[in-house]
Amino acid sequence: MSLFTGWRAALRIARRDALRAKGRSALVVAMIALPVLGVTAADITYRSAELSPAEELTAEIGSADAVYSDVGLGPIQQMPDGDMYDRASGREPSEPPKPIDMRAVFPKGVRAVSEQSVSATVTTSYGIASTEITEFRTSDRMARGRIDLVGGAFPRSPGEVVATEAFLESAGLRVGSDVTVTTSGEKYTITGAVELPADLKAKQLYAEPGAVIAPWAALAKRDKKVPAPQPGETRWLVEGAGEAGIVWQDVLAANKAGALVTSRQVFENPPPESEIPLLRTDPQYANDRSYESDETSAALITVVAMALLEVVLLAGPAFAVGARRSRRQLGLLGTCGGDRSQVRAVVLGGGLVLGGVGAVAGVATGLLLTAVFRPLIEGWAGHRFGSLALHPAELAVIAVLGLVTGLLAAFAPAIVAGRQSVLESLTGRRGVRRGSRVLPITGACVLAVGVLIAVYGGTGGNSTLVAGGSVVAELGLLACIPVIVGLLGRLGRRLPLSPRMALRDAARNRGRTAPAVAAVMAAVAGSVAIATYMSSSLAESDYAYMPMLTKGTIALTAGDSEAAERLPAARAAVEHDMAVTGGRADISRVWAGSDCNAYYEDENGGCGSLSLVKPTGKGHTCPLATKGAKELAARLSADEHRAMMRTPACVDVHNSTGSFSYDSDNIVIGDAALLGTYVKLDDPAAAAALKAGTPVLLNEAYAENGEVTLKAVHTYNAEDKKNRKLHPGPARKTTDRLKVYIAKAEYATTPGIRMILPQRTAERLGLHTQPLGSVYAVAHDPTEAENQRVTAAIDQAGGGLWVQTNSGPNDRGSTILLILTLFAGVVTVGAAAITTGLAKADAEADLSTLSAVGAPPLVRRSLSGFQCLVVALTGVLLGTAAGLVPAVALRLVDLREAMEYMRQQPMESAYTPIVLPWATIGLLAVAVPLLAGGLAALFTRSRVALARRTG
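Using the working numbering, you'd call the opening residue of the sequence shown number 37 and step up by one each time.
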């Protein structure tokens, strides 16, 4: 019999066996199809979300042939794509170049549409919001691809606008609503909703050219109280006269006039380098500017490899159970003259058949789901796909990987089935085999070596060694799992019946328990590793973040003395519309001489200054900002450097936020209410000091012998008639020693305040003060609706005030952490459920015996639940331990890099924490195993029909 004929028979037998055991076959197909589905969807999404250069150009210029803009440099030279340009002369001109008359620059016969933006405040359903208004004819065909209509109609008259969907949602408006530009008073009707395919989250309004800026400017010219608009530079979208569009010669002609041009024709057909003047002037622009990291490819390979490992580990036991339940059929094959290779071929044929079905189903379903959920994916990504990019070669490789995975999953069961004797197959006896001692010993050694390699790579700054050591360590742990599972049986001696039987069943049937535990471990290890690294990076980001205000507070501030008079009305709005908790703390500005916010350095005398003099010496001067700092930094550990950076002497050398004042050295006028509301200093002695007229110093590095030195320069501008009249004579300098109350060192990090000065003390020193605003404690950061309501109330009162809040650190990554937790949880529940199902199928005779001897029906259900719980909990705990190895090692790499940079720049932080994601670990270690066990118990039938024992 030829090889082809033998495999054809094996495949026929495998196909019939798959159809006969539909439940088990569907399970294996699902296990193979799921990762293929995920990789297919990820591939299509990644390729579709990655815009091609042509699609990026369309996002910038729409359907136009080119876009012209005045960069204000005079004659220029540019690269063909318009990304890089420089002055043609290479030097600064003696006087600023004049604006370009762009219509004179255009080639003959072209059609052009102007585009100009201005920042403005407009009315909303909640109040008033700040937004960008662009004057651009959105109905023009050149706007297609850049601005698309999704509802309503384009504006046709000066009194109409269109808004992006993001703006409509944030403002609580809809098509047909009216908005009013608050500065000009002009009302506009929203006729349509649009979207920017390249930026779905943009909040903008679009009006016809001349509809917003011109009326606003005309009103500002008539009424000096109206602030004039500050529009951006005008850009022109241009459509060529013929099919050629805007060619390179047109671009060179525009460059001579000072215009920068981005042309579709030039982009698609760039000129040779010899015809690019900028390259002749400066050849460095010819260098490749693209940068592509290998990390994405490495991550993709890792994800695919882990998905394949998951399938092999999960589907392998299913093939093993299938081969065991078909052992009589395989024994009959041996009695008919079939050799071991043909028995193996039958089991491998099952892997080939089910792997092929799973691969095709996975690719097809992945494509279908990506197409169905495309709008949701685009919304999450923040931009539209250019097209649904399908790469047949990549999809074919993914399908082949699914097919190979099925074969790999059936490989070990095929070898076991081939080794089994014909007599054992026909009688159903399994025989007894002792576990190998070589495998766990080897696994333990490999585990230790892998951990050592990962740690060595981390301390040496080698990410490749970290990755390799982590994989080796996980493989070593995989080899140890059968022994760990075997030890579980000994833990159940004193447990009740169901958990004792579950532990002993897991230990007795390691062939199906160990792979499932390994699958859970692999999934959890990857999730815990990434979650740990992300949590640590977020903690590092939080440490580096410099807040403008104390956490849980907002500040209402006035821009000038006229606006300060409207503070009562603004305070009422804040207290009514925002989640204010408790009272408020009023603050005032303080300065010496003429106010630098109103008077500047000029021929009339400039303005004054006020500052705290910082003493020198230990406890006052930051050692990391003096001579010998690099030598000191070389001797410090990361923790020692962090502790030194947090000392009062160093805390404000590198970063000192001017949240309330930029000209008074972070000195504010306040009372005891400011201590509790903003500083969070609950100290009766500090409150009593302020009441008695003694300043409270928050940074002890500025104090010496309980006193601070306050230096003031009382310079008065000639135009400052009011204050100069109070202080006639020449400019004078004063230095005052003030007794202060010194707060603890931890309050030196208070954002924006270095010292709180009582009002009467400022007056006694001859300083000037002016109400600045109020600080409030709030339950949560203001929402957009709350901000808009308060802004409307402030504008109605006369404007000139604003509410300041903390922007907070960057993206918290909570979505990614949630996805990782869900992924690991689904795999854990799935692996545990598969193992439980296989255990039920494999031990049906034992369960029948259990019922026959009088076990209550609830025992069957609780046994399934504990079997599931054992697999899930064991895999999660091992996976958590395995996932910490690469995470910790990679953080050691980051620490090494941070230390090297800190030793070159001593004032830069080297803080590289390792933070465990306890929420993720808690969900995986507690909630997920309990959920798996509960579901298994819930869906298990408590009663079973008695059957005759076989064998």
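Ideal Cβ positions, reconstructed from N, Cα and C, are used throughout, including at glycine.
Contact annotation: the segment 771 to 784 does not touch the segment 562 to 575, with fewer than three C-beta pairs closer than 8 Å. Taking 9 Å as the cut-off, the Cβ atoms of Ala165 and Thr916 do not count as close. DSSP lists Gly809, Trp838 as the beta-bridge partner residues of Thr593.
In terms of CA proximity to Val383, Ala45 leads the group Gly644, Ala45, Ser645. Residue range 284 to 293 is occupied by the alpha helix (DSSP H) that includes Gln285. Contact between the segment 801 to 821 and the segment 731 to 745 is absent: fewer than 3 CB-CB pairs across the two stretches fall below 8 Å.
A distance below 9 Å separates the beta carbons of Pro787 and Ser695. Checking the DSSP bridge columns, you'll see Gln152 partnered with Glu171. Excluding five sequence positions before and after His656, the CB atoms of its chain that fall closer than 8 Å to its own CB belong to Lys650, Ala685, Ala737, Tyr738, Glu740, given in chain order. Burial is judged here by how many other beta carbons sit within 10 angstroms of a residue's own beta carbon; Asp930 has at least 16 and is buried. DSSP assignment within the segment 683 to 736 yields the following whole beta strand (DSSP E) runs of 3 residues or more, N-terminal first: 703 to 705.
Note: Glu196 is bridge-paired with Thr225 in the DSSP secondary-structure output. C-alpha of Ile80 to C-alpha of Ala615: approximately 45 Å in a straight line. The criterion of a C-beta distance shorter than 9 Å is satisfied by Glu151 and Thr270.
In this structure, Glu171 sits away from Ile97, with a CB-CB distance that is not shorter than 9 Å. Residue burial is scored here from C-beta neighbours: Cys481 has fewer than 16 other C-beta atoms within 10 angstroms and is therefore classed as exposed. Around the CB of Val64, 16 or more other CB atoms lie within 10 Å, so the residue is classed as buried. Pairing Thr160 with Gly208 gives a Cβ-Cβ distance under 9 Å. If the five residues before and after Arg620 are omitted, its C-beta is found closer than 6 Å to the C-beta atoms of Ser810, Tyr812, all from its own chain and listed in chain order. Rounded to whole angstroms, Gly442 and Glu430 show a C-alpha spacing of 19 Å. A distance below 6 Å between beta-carbons, with the five flanking residues on each side excluded, links Leu928 to the following residues of its chain, in chain order: Gly494, Thr495. Looking at the DSSP output, Tyr242 bridges to Thr170, Val198. Distance check between Glu782 and each of Arg682, Ala722, Asp701, Tyr752 places Arg682 closest, using alpha-carbon atoms only. With fewer than 16 other Cβ atoms inside 10 Å of its own Cβ, Ser88 counts as exposed. Contact between Ala490 and Gly505 holds, since their C-beta atoms are separated by about 3 Å, short of 8 Å.
Within 10 angstroms of the beta-carbon of Phe902 lie 16 or more other beta-carbons, which makes it buried. The bridge partners DSSP lists for Val217 are Val158. For Tyr579, the closest C-alpha among the options Glu944, Arg147, Thr76, Asp541 is that of Glu944.
In this structure, Glu92 keeps its C-beta atom at 9 Å or more from the C-beta atom of Leu236. Per DSSP, reduced to three states, the secondary structure at Glu820 is helical. Residues Ala417, Phe421 of the same chain have their beta carbon placed closer than 7 Å to that of Ala85, with the five preceding and five following residues left out of the count.
In this model, Met791 and Asp718 are separated by some 16 Å (Cα to Cα). Under the three-state reduction of DSSP output, Ile789 falls in the coil class, being neither helix nor strand. It is roughly 56 Å from the alpha-carbon of Asp707 to the alpha-carbon of Tyr492.
In chain order, Ala628, Gly629, Gly644, His763, Ala767, Arg768, Lys769, Thr770, Gly802 place their CB closer than 8 Å to the CB of His750, counting only its own chain and leaving out the 5 sequence neighbours on each side.
Rounded to whole angstroms, Val889 and Arg544 show a C-alpha spacing of 21 Å.
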